[in-house]
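Asks:
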Amino acid sequence: MALKAKVLYDFHAENPGEISIAENELVTLFSEEELEGWLEGENSRGEVGLFPASYIDIIRDQITFSTSNNGVSSPKTITQSPSHRSYASPDSQSQRKFKVGSGGGSSFNTSQGSDDDWDDDWDDSSPAQYEPQGLGTTPPLYPVTTSLPGRASGQQQQQQQQQAKSSATVGRNLNRFSTFVKSGGEAFLLGEASAFVKDGDRICVVMGKYGPEWQEDPYPFTCTIDDPTKQTKFKGMKSYMSYGLTPTHTNVQVNRRYKHFDWLYARLVERFPVISVPHLPEKQATGRFEEDFISKRRKGLIWWMNHMTSHPVLAHCDVFQHFLTCGADEKAWKMGKRKAERDDLVGANFFLTISTPVVPLDLQEVESKIEGFKSFTKKMDENIVVVNTSINEFARKQITGFKKEYQKVGQSFKHLAQAFELDQQVYSVGLNKAISYTGEAYEVIGEYFAEQPRQDLEPISDLLDLYRGHLSNFPDIIHVQKGALTKVKDCPKQEGELHDRCNIISCATLAEIQQFHRTRVRDFRLQMQHHLRQQISFFQKITAKLEDALQKYDNDQ
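No gaps in the numbering here: position 76 of the sequence shown is 76 in the UniProt record's numbering, and each next residue is one more.
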């Protein structure tokens with residue numbers, strides 16, 4: 001019998017074979033068996049396809065038998081609440097790879113995908129390759145077993161939960177696949193985190209005017225990304241694109257490939273479970289050296305870099321600084337790479353690095369803010385889709401429709417001028433030239449329309465894509481905080497210690513939400529200003545062309 005499941009988060013299909021699902025929607029599963037974090041099923045609109053397994057909760061029916069007056073047993077269906085089966089969260093671009101580790105077990109590679117494998121330059125070819133064990137937000141990083149643990153019945157689960165609430169000890173989550181567990185949030189809350197934290201690794205949350213926020217960066221910097229150059233190796237047998245990065249705090253250029261960005265992204269996701277690490281621009285298997293793709297990827301990397309350097313925590317973490325400052329010294333790169341991959345301050349230990357304000361937060365107020373932000377992100381995501389669709393359609397019309405129509409009008413004016421020339425009257429020469437010039441002006445304006453979307457619409461679309469990546473990160477971040485809050489509510493006898501640790505998670509979560517809002521306001525203000533300036537310049541250029549054509553009619557010859 002097909003299983004029913006309740007959708008936890010919105011998912012918008014982006015690739016063939018996927019289907020869109022909405023929060024609280026009921027979907028039908030064809031099978032519980034995952035395919036690299038995806039399940040196949042049917043949504044409420046009758047569409048059949050794949051969706052992320054971590055975005056749904058399976059609803060299970062328990063069959064019991066009741067005995068009637070005549071002694072005959074009849075089946076009775078009792079619908080249980082969602083089983084809260086949670087899976088490894090796939091990233092929104094379905095770019096995960098499945099690989100078999102050297103130890104014979106299977107693990108997910110969290111890399112967003114690179115142009116080449118780590119088999120050549122600046123790679124550690126040691127057979128004892130480090131396999132990350134910590135968990136972050138989307139995409140996840142953890143060993144995957146070949147079978148799921150046995151499930152207790154609904155009645156057993158209720159008994160265990162009631163015992164955990166009534167006892168003085170804090171029970172563990174029955175669902176060992178939840179983001180709260182995988183991120184290390186549960187282990188930290190239970191006091192199981194243990195690591196040495198140096199002063200340089202400490203992350204401070206301060207109480208700002210609008211609530212908790214990351215401590216302001218005392219040494220801000222930016223980083224430019226030059227046009228990439230095509231490089232070759234193995235006597236020209238292999239080609240790749242190299243990007244020149246120049247951070248302002250060193251003014252020394254370093255060269256990086258996309259796969260280096262990809263490696264850095266995976267480390268950051270593992271290192272910071274409650275920080276939204278911006279997604280990298282999409283990879284592409286073919287056409288990697290085409291001019292349009294290279295230009296689009298560079299623009300995406302510039303947006304990515306701007307978000308990294310403006311984040312008070314991400315900008316100064318060791319692995320990012322190593323990425324920006326390590327030059328062509330292969331040995332130094334490998335040493336930094338190994339250090340990052342063996343970082344102890346991941347998972348539960350990450351929360352040990354956070355220092356919070358003296359006065360703890362009101363957890364009820366925290367819960368209210370989190371729910372408000374959840375509603376905000378849902379609405380923002382919905383409207384990003386609407387805006388993206390609208391501007392893409394408008395750009396398409398400008399590139400094809402408007403250009404064609406203006407050129408059509410221009411051609412008609414030129415044909416009219418050619419007809420007038422058959423008159424061969426001296427006093428009509430000036431008019432004929434003016435009409436012909438007007439036709440040429442309209443053709444040029446058509447070209448203006450075709451070129452304009454690159455200047456004002458595409459940058460907005462690029463920004464919206466970046467923020468859709470951020471929005472896809474927050475369900476996991478919020479899940480960690482809500483998991484901690486639930487533990488505090490369920491175990492009132494342990495409220496003291498739990499409250500302190502929950503306060504750390506809550507402060508970090510609210511600080512990241514505050515950082516998201518500040519960056520969003522900055523980015524969208526600058527981008528909309530840029531858009532309007534480009535529009536003004538565009539129409540001024542059209543006006544100048546038309547005024548030029550108008551002046552031609554003042555000439556008699």
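All C-beta atoms in this analysis are idealised placements derived from N, C-alpha and C, irrespective of residue type, glycine included. All values derive from a computational prediction rather than experimental measurement.
1. Roughly how many whole angstroms lie between the Cα atoms of Glu-270 and Leu-189?
2. Please classify Ile-536: is it buried, with 16 or more other beta-carbons within 10 angstroms of its beta-carbon, or exposed?
3. For Val-409 and Tyr-442, what's the separation of their Cα atoms in angstroms?
4. Are there 16 or more other CB atoms within 10 angstroms of the CB of Gln-407, so buried, or fewer, so exposed?
5. Can you find the residues in the same chain that come closer than 6 Å, C-beta to C-beta, to His-415, ignoring five residues on each side of it along the sequence?
6. Give the C-beta separation of Thr-356 and Val-254 to the nearest angstrom, bearing in mind that I take them to be a contact with Cβ-Cβ under 8 Å.
7. Return the CA-CA distance between Thr-519 and His-307, expressed in angstroms with no decimal places.
8. With 16 as the cutoff for other CB atoms within 10 Å, does Glu-186 come out buried or exposed?
9. Helix, strand or coil: how does DSSP classify Pro-459 here?
10. Restricting to Cα atoms, I'd like to know which of Lys-433, Leu-532, Arg-533 and Asp-476 is closest to Gln-551.
11. Return the Cβ separation of residue 646 and Ile-478 in integer angstroms, given the expectation that the two are a contact with Cβ distance under 8 Å.
12. Counting only the same chain and skipping the five closest in sequence on each side, list residues whose C-beta sits under 7 Å from that of Asn-388.
13. What does DSSP give as the partner residue(s) for Tyr-240 in the beta ladder?
14. Taking the alpha-carbon of His-470 as reference, which of Leu-422, Arg-501, Gly-430 and Val-274 has the nearest alpha-carbon?
15. I'd like to confirm the pairing. Which residues does DSSP put opposite Met-380 in its beta bridges?
16. With 16 other CB atoms within 10 Å as the buried threshold, where does Val-319 fall?
17. By a C-beta neighbour count over all protein chains shown, 10 Å radius and 16 as the cutoff for buried, is Phe-196 buried or exposed?
18. Counting only the same chain and skipping the five closest in sequence on each side, list residues whose C-beta sits under 6 Å from that of Val-426.
19. For the structure I just gave you, are there three or more beta carbon pairs, one from the stretch 377-396 and one from the stretch 417-431, closer than 8 Å?
20. CB-CB under 6 Å to Ser-125, same chain, minus the five flanking residues each way: which ones, in chain order?
21. May I ask you to report which of helix, strand or coil DSSP gives Val-7?
22. Taking its Cβ as the centre, do 16 or more other Cβ atoms sit within 10 Å of Asn-15, making it buried, or is it exposed?
23. Does DSSP classify Ile-225 as helix, strand or coil?
24. If we count the other Cβ atoms within 10 Å of its Cβ and call it buried at 16 or more, is Asn-503 buried or exposed?
25. Indicate the three-state DSSP secondary structure (helix, strand or coil) for Glu-40 in the structure shown.
26. I need the boundaries of the alpha helix (DSSP H) containing Glu-352, first residue and last residue.
27. Expressed to the nearest angstrom, what Euclidean distance is found between the alpha-carbon atoms of Pro-475 and Tyr-9?
28. Using only alpha-carbon positions, find the residue among Asn-43, Val-7 and Val-48 that is nearest to Ser-54.
29. What would DSSP say about Leu-29, mapped onto helix, strand or coil?
30. Which residues in the same chain as Lys-545 place their Cβ atom closer than 7 Å to its Cβ, once the five residues preceding and following it in sequence are excluded?
31. Answer yes or no: do Ile-370 and Ala-508 have a C-beta to C-beta separation smaller than 7 Å?
32. What is the residue span of the alpha helix (DSSP H) that Gly-300 lies within?
33. From the DSSP output, read off the bridge partner residues of Asn-24.
34. What does the Cβ neighbour count give for Ser-412, buried or exposed, with the cut at 16 atoms within 10 Å?
35. Would the beta-carbon of Gly-17 fall within 7 Å of that of Val-27?
36. Just confirm the distance between the C-beta atoms of Arg-297 and Asp-227, as a whole number of angstroms; I'd bet it's less than 8 Å.
Replies: This is what the structure holds:
1. For Glu-270 and Leu-189, the distance between alpha carbons rounds to 18 Å.
2. Counting other Cβ atoms within 10 Å of its Cβ, Ile-536 stays below 16 and is therefore classed as exposed.
3. In this structure, the straight-line span from the alpha carbon of Val-409 to that of Tyr-442 is close to 7 Å.
4. Under this definition Gln-407 is a buried residue.
5. Contacts found: none.
6. With a Cβ gap of about 35 Å, Thr-356 and Val-254 do not count as contacting.
7. Their backbone Cα atoms lie some 8 Å apart in a straight line.
8. Of the other Cβ atoms in all chains shown, 16 or more fall within 10 Å of the Cβ of Glu-186; this residue is therefore buried.
9. Pro-459 falls in the helix class under three-state DSSP.
10. The candidate whose alpha carbon is nearest that of Gln-551 is Lys-433.
11. What is shown of the chain runs 1 to 557, which leaves residue 646 out entirely.
12. Result list for Asn-388: Ser-461 and Leu-464, in chain order.
13. The partner list for Tyr-240 (beta bridge, DSSP) reads Gln-231.
14. Measuring from the Cα of His-470, the nearest candidate turns out to be Val-274.
15. DSSP output for Met-380 lists no bridge partner at all.
16. Val-319 should be labelled buried.
17. With fewer than 16 other beta carbons inside 10 angstroms of its own, Phe-196 counts as exposed.
18. Spatial neighbours of Val-426 in its own chain (CB-CB distance under 6 Å, excluding positions within 5 residues in sequence) are not present.
19. When Cβ pairs closer than 8 Å are counted between the two stretches, the stretch 377-396 is seen not to touch the stretch 417-431, the count staying below three.
20. Interpretation of Ser-125 is limited by its pLDDT of 38, a score under 50 that renders its predicted location unreliable; no figure is taken from the coordinates.
21. Val-7 falls in the strand class under three-state DSSP.
22. Exposed, by the Cβ-count rule.
23. In this structure, Ile-225 counts as strand in the three-state DSSP scheme.
24. Result: buried.
25. Here Glu-40 sits in strand by DSSP.
26. Looking at the sequence itself, residue 352 is Leu, so the reference to Glu does not match. It is not in any alpha helix (DSSP H) - Leu-352 carries neither H nor E in the DSSP assignment.
27. The straight-line gap from Cα to Cα measures roughly 8 Å.
28. Its Cα nearest to that of Ser-54, the residue Val-7 stands out among Asn-43, Val-7 and Val-48.
29. Strand.
30. Counting only residues of its own chain and dropping the five nearest sequence neighbours on each side, Lys-545 has a CB closer than 7 Å to the CB of Ala-441, Val-444 and Ile-445.
31. With a cutoff of 7 Å on beta-carbon distance, Ile-370 and Ala-508 are scored as not near each other.
32. Run containing Gly-300: 291-309, per the alpha helix (DSSP H) assignment.
33. Per DSSP, none; premise fails for Asn-24.
34. With fewer than 16 Cβ atoms within 10 Å of its Cβ, Ser-412 is classed as exposed.
35. Result no, Cβ atoms of Gly-17 and Val-27 do not sit closer than 7 Å.
36. Between Arg-297 and Asp-227, the beta carbon gap of about 11 Å keeps them out of contact (Cβ cut-off 8 Å).
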